[in-house]
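Numbering (full-length UniProt numbering), first residue to last: 1 to 261. For every residue, glycine included, the Cβ atom is placed at its ideal position computed from N, Cα and C. Reading through the structure tokens given below for one structure.
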Amino acid sequence: MADLPTVPLPEGFLTAPLAHRALHDLAAGRPENSRAAIGAAVTAGYGIEIDVQLSRDGTAMIFHDYDLRRLTGEPGAVAQRSAAELSAIPLLGGREGIPTLAEGLACIAGRVPLLIEMKDQTGALAAGPDRLERAVAEALEGYEGPVAVMSFNPHAVAAFGALRPDLPRGLTTDAFDDEEWGLVPAATRARLRGIPDVAATGAGFISHDVRDLASPRVAALKSQGLHVLCWTVRSPAQEAEARRVADNITFEGYAPAAPGA
Numbered sequence: 001m002a003d004l005p006t007v008p009l010p011e012g013f014l015t016a017p018l019a020h021r022a023l024h025d026l027a028a029g030r031p032e033n034s035r036a037a038i039g040a041a042v043t044a045g046y047g048i049e050i051d052v053q054l055s056r057d058g059t060a061m062i063f064h065d066y067d068l069r070r071l072t073g074e075p076g077a078v079a080q081r082s083a084a085e086l087s088a089i090p091l092l093g094g095r096e097g098i099p100t101l102a103e104g105l106a107c108i109a110g111r112v113p114l115l116i117e118m119k120d121q122t123g124a125l126a127a128g129p130d131r132l133e134r135a136v137a138e139a140l141e142g143y144e145g146p147v148a149v150m151s152f153n154p155h156a157v158a159a160f161g162a163l164r165p166d167l168p169r170g171l172t173t174d175a176f177d178d179e180e181w182g183l184v185p186a187a188t189r190a191r192l193r194g195i196p197d198v199a200a201t202g203a204g205f206i207s208h209d210v211r212d213l214a215s216p217r218v219a220a221l222k223s224q225g226l227h228v229l230c231w232t233v234r235s236p237a238q239e240a241e242a243r244r245v246a247d248n249i250t251f252e253g254y255a256p257a258a259p260g261a
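This is how it looks when you write it as structure tokens:
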């Protein structure tokens with residue numbers, strides 16, 4: 001990967017806490033990554049973090065898992081269904097189907113910061129076809145509002161940067177331990193622990209696992225001026241600890257103070 005230019009992260013990403021998979025709450029009928037959860041986050045004044053997967057026919061869908069079962073009860077992979085089929089599958093705990101990224105963007109309409117995580121499509125955090133990156137870039141054509149894109153897969157971030165060098169991008173980062181990342185080759189995990197692809201991807205930020213914020217590499221990157229976000233904060237006490245390192249948080253399960261509150 002050749003080095004890409006860095007695009008500054010808009011200020012809103014450093015002030016508005018980011019609702020993880022939008023402001024989801026099953027008890028209130030708002031499944032994760034749903035239009036209802038997105039609308040609730042906008043109303044509350046939070047930034048929004050969402051995930052995107054690719055449909056069989058090349059549409060970016062707002063959905064976290066590779067497989068449909070946990071969130072819909074349906075068998076099979078997201079990539080095996082068309083966008084129309086996915087949109088017709090109800091999310092468990094809600095009253096709506098899986099939204100396209102375009103539908104999510106229309107819901108937000110630039111009113112709050114949006115952080116889009118492109119889910120790895122290779123299964124190994126490796127280089128692969130750029131179909132998802134192209135689908136995200138296409139959906140963002142003409143979108144007006146603070147938006148940034150990130151991925152655990154640095155190849156995906158670089159591919160998106162080549163398509164949309166004008167948009168902020170970052171790396172989702174982790175300690176990449178064996179238990180959670182066992183399907184990824186050990187050599188790849190060892191390399192990614194060092195977060196070596198900041199310059200190559202033009203990353204203006206990382207979003208790091210809150211459990212690993214004490215990493216010396218995170219401290220070194222922050223000292224170099226890189227913005228540090230983190231995931232996933234689940235209590236006020238954890239937020240207070242995370243903010244000793246992180247510039248902002250991605251949260252779920254409680255209500256942090258929103259800007260102006």
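Between 230, 55 and 95, which lies nearest to residue 86 when the distance is taken from Cα to Cα? The sequence position of residue 86 within the sequence shown is 86, counting from 1. Residue 55 is the option with its Cα nearest to residue 86.
Bounding residues of the beta strand (DSSP E) (the contiguous stretch that carries residue 115): If you number the sequence shown from 1, residue 115 lands on position 115. It spans 114-118 - the beta strand (DSSP E) in which residue 115 sits, taken as one unbroken run.
May I have the straight-line CA-CA distance separating residue 123 from residue 206, to the nearest angstrom? To locate residue 123, count along the sequence shown from 1; it is residue 123. To locate residue 206, count along the sequence shown from 1; it is residue 206. If I take the Cα positions, the gap works out to 21 Å.
Among all the DSSP beta bridges, which residues are the ones paired with residue 90? What you label residue 90 is simply residue 90 of the sequence shown in a count that begins at 1. For residue 90, which the question treats as bridged, DSSP gives the partners 97.
When 5, 17 and 144 are compared against residue 256, the one with the closest alpha-carbon: In the sequence shown, residue 256 corresponds to position 256, counting from 1. Checked all of 5, 17 and 144; the closest Cα to residue 256 is 17.
If you draw a straight line from the C-alpha of residue 241 to the C-alpha of residue 199, how long is it? Residue numbering aside, residue 241 sits at position 241 when the sequence shown is read from its first letter. Residue numbering aside, residue 199 sits at position 199 when the sequence shown is read from its first letter. Between residue 241 and residue 199, the C-alpha separation is close to 28 Å.
Could you compute how far the alpha carbon of residue 193 sits from the alpha carbon of residue 175? Locating residue 193 in the sequence shown gives position 193, where the first residue counts as 1. Locating residue 175 in the sequence shown gives position 175, where the first residue counts as 1. Going from the Cα of residue 193 to the Cα of residue 175 covers about 5 Å.
The ligand ZN heavy atoms versus the CB of residue 104: any closer than 6 Å? Absence of the ligand ZN from the depicted structure is noted, as is the absence of any ligand whatsoever, leaving it without description.
For residue 60, is the classification buried or exposed, using 16 other Cβ atoms within 10 angstroms of its Cβ as the cut-off for buried? Indexing the sequence shown from 1 puts residue 60 at position 60. By the 10 Å Cβ count, residue 60 comes out buried.
Taking contact to mean 3 or more Cβ pairs, one atom from each stretch, closer than 8 Å, check whether the segment 130-138 and the segment 168-182 are in contact. no
Locate the beta strand (DSSP E) running through residue 49, then write down its first and last residues. Here the question's residue 49 lines up with position 49 in the sequence shown. From DSSP, the beta strand (DSSP E) with residue 49 extends over 47-54.
In three-state terms, what does DSSP make of residue 227? For the purposes of this step, residue 227 is taken as residue 227 along the sequence shown, with counting starting at 1. It is a strand residue.
Going by the CB atoms, is the gap between residue 145 and residue 38 shorter than 7 Å? Looking up residue 38 in the sequence shown gives position 38. Looking up residue 145 in the sequence shown gives position 145. Contact: no.
List the DSSP bridge partners of residue 130. Residue 130 sits at position 130 when you count from the first residue of the sequence shown. The partner list for residue 130 (beta bridge, DSSP) is empty, contrary to what the question assumes.
At 4 residues or longer, what runs of the alpha helix (DSSP H) sit wholly inside the segment 135-210? 154-163, 186-193 and 198-201
Count the other CB atoms, across all protein chains shown, that sit within 10 Å of the CB of residue 215; report buried if there are 16 or more and exposed otherwise. Stepping through the sequence shown from its first residue, residue 215 is reached at position 215. Looking at its Cβ environment, which holds 16 or more other Cβ atoms inside 10 Å, residue 215 is buried.
Determine the closest residue to residue 312 out of 48, 95, 106 and 66, with distance taken between C-alpha atoms. The structure shown does not extend to residue 312, since the chain spans only 1 to 261, so no value can be given for it.
Pair within 7 Å by beta-carbon distance, residue 48 and residue 41: In the sequence shown, the residue the question calls residue 48 occupies position 48. In the sequence shown, the residue the question calls residue 41 occupies position 41. The answer is yes: Cβ separation under 7 Å.
Contact set for residue 165: own chain, Cβ-Cβ below 7 Å, skip 5 residues either direction: Residue 165 sits at position 165 when you count from the first residue of the sequence shown. Here the set comprises 4 and 5.
Relative to the C-alpha of residue 249, which residue among 156, 210, 34 and 70 is closest? Along the sequence shown, read from residue 1 onward, the residue named residue 249 stands at position 249. Nearest C-alpha to residue 249: 210.
Any idea what DSSP makes of residue 59, helix, strand or coil? Here residue 59 corresponds to residue number 59 of the sequence shown, with the count starting at 1. Note: residue 59 maps to coil in three-state DSSP.
Chain-order list of residues whose beta-carbon lies under 8 Å from that of residue 10 (same chain, five-residue window excluded): As a position in the sequence shown, residue 10 is number 10, starting the count at 1. For residue 10, where only same-chain residues beyond five positions count, the Cβ hits under 8 Å are 113, 146, 148 and 168.
On a Cα-Cα basis, can you pick out the residue from 160, 109, 99 and 111 that is closest to residue 129? Indexing the sequence shown from 1 puts residue 129 at position 129. The option with the nearest alpha carbon to residue 129 is 160.
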